[in-house]
Structures are given as structure tokens and as C-alpha cells.
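Numbering (UniProt numbering), first residue to last: 1 to 232.
Each residue gets a CB set at the ideal place from its N, CA and C atoms; glycine is no exception.
Remember, it's a predicted structure, so these values are computed and weren't measured experimentally.
This is the structure:
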């Protein structure tokens, strides 16, 4: 879910909490003597939010994704040797003053909805504590879970906001750039966005600026669906 340019546009490194050997809480800033790329990252702070990196699986292979070129961003390792269990995620979250963050965001080095049931249960746990939750997604979930109303389930769990990667103004361009695993991924993400807006979720669509992509047309598509729009 992370675009390539994300590793170049920060002059600082976020705090990171996670250790692959013990899943014990860590709070550290990188320095020349202690390279945090040796450790895997579950939670990291930025923009006043707490971001959760719960999987490296994805239903797309975007040509601009940082995972094609690196094991991490901001000096931290996001490529996981294994996925943390729900219990391990909750144990990490219990160490934080969660109310200090603007949002808890499911994002990271993969597509969070590849672990949809985990996203739902963690979202419900956070919602019961009054913590705003956002999902960053490619919008393919309905194709991954046929027969389920994914947006309705997310809303029922307490999700507040969703950010959907649009990335192109046509299915042909989208397939070339994002190389999705499923046929019909582009119309599926548009339908996911439409349903999210109708469900009352705070919804935006994003585009990673690439040669040949018509940003104005992408914005027209997003606003036509009732979503906000952002160029990453």
C-alpha cells in the first residue's frame, strides 16, 4: 500500500514499536549504531496517527510500490517474516495512550483486508474504547470475500474512515499500473467506494502521481462517487 516516493519525502523517522523475536514493545529512534531495519515493524507513528502494518500479502502488484525496491520505509523494516496474531496486535496496542492519536490506521506493506476478520475484530476493540479507526485499502475486498458485504461489516465493527487507492482514470491504465490479482478489480474498487460513502464512512480516494495519469479525471471520478480526493 506504500508508494515508492514515500521513502523520500520525510526528513525524520517515526517512532516504531515491535520486535520480531518477542513482540515486546519498543520505542526507538534510528541512529548510526543501531539499525532498526534489522527489526520488523508492526506499529509506527506519523502525522499524529498510529499506523498498523499487519500483513505483507496484497491482491495487487503496483509497479510504483516501495515493496518492489525495499524492505521498508523511513529507515524501518515493514517486510514481515510472519504475521502477528490478533493477540499480539492487541498486546502491542495496550501499551499506548491511544487517545492521543488522531486515528489508528490499517495500512503498511500489504493490503489490510487480506486479514479482513482481524481488521474487523481489532476495529471493534478500538471502537469500544472510543478510538477513531481508518482503513487504507485497494478496494478489492468484495472480490476476495464473495458473498460478504464487506463495507457493511466494517461499518458495523465501528470503522470511521476509509481511503481507497484509485490510481488511474480507466480500467486499462489501472490494470497496467496496479497489476491486480482479480479480474474486475477496477469496477470493484469504485463500487467499494460508492458503498463506503453510502454507509456514512468518511471516504477519500487517492492517486499516486504517475506519467500518463489524468489527475483531473481521477478527481472527477472520486468526487462523482461522493469521496474526497488526494494526490499522494
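- Just so you know, the alpha carbons of residue 172 and residue 137 end up roughly 20 Å apart.
- Partner residues in the beta bridge of residue 136, as assigned by DSSP, are 163.
- If you draw a straight line from the Cα of residue 141 to the Cα of residue 196, it comes to about 12 Å.
- When Cβ pairs closer than 8 Å are counted between the two stretches, the stretch 195-209 is seen to touch the stretch 146-156, the count reaching three or more.
- By the Cβ neighbour-count rule, residue 56 is buried, with 16 or more other Cβ atoms within 10 Å of its own.
- Judged by beta-carbon spacing, residue 208 lies beyond the 7 Å limit of residue 218, meaning their Cβ atoms are not closer than that value.
- Pairing residue 40 with residue 80 gives a Cβ-Cβ distance under 7 Å.
- Residue pairing by DSSP puts residue 230 in a beta bridge opposite 206.
- Contact holds between the stretch 44-60 and the stretch 108-115, because three or more Cβ pairs, one in each stretch, are under 8 Å apart.
- If you check the CB distance, residue 161 and residue 134 come in under 7 Å.
- At least 7 Å separates the beta-carbon of residue 159 from that of residue 188.
- The Cβ atoms of residue 168 and residue 213 sit closer than 7 Å to each other.
- The three-state secondary structure of residue 122, taken from DSSP, is helix.
- Across the structure, residue 230 and residue 124 are spaced so that their CA atoms are roughly 27 Å apart.
- In the structure shown, the three-state DSSP call for residue 58 is coil.
- The Cβ-Cβ distance between residue 204 and residue 181 does not fall below 7 Å.
- Note that the C-beta distance between residue 103 and residue 132 is below 7 Å.
- In the displayed model, residue 223 falls within a helix according to three-state DSSP.
- The Cβ neighbour count for residue 84, taken over all protein chains shown within 10 Å, is at least 16; the residue is labelled buried.
- When DSSP reads this structure, residue 46 sits in a beta bridge with 49.
- A distance below 7 Å between beta-carbons, with the five flanking residues on each side excluded, links residue 192 to the following residues of its chain, in chain order: 139, 141, 142, 151, 164.
- In this structure, residue 61 lies away from residue 232, with their beta-carbon atoms at least 7 Å apart.
- Rounded to whole angstroms, the Cβ separation of residue 166 and residue 194 is 12 Å, and the two are not in contact under 8 Å.
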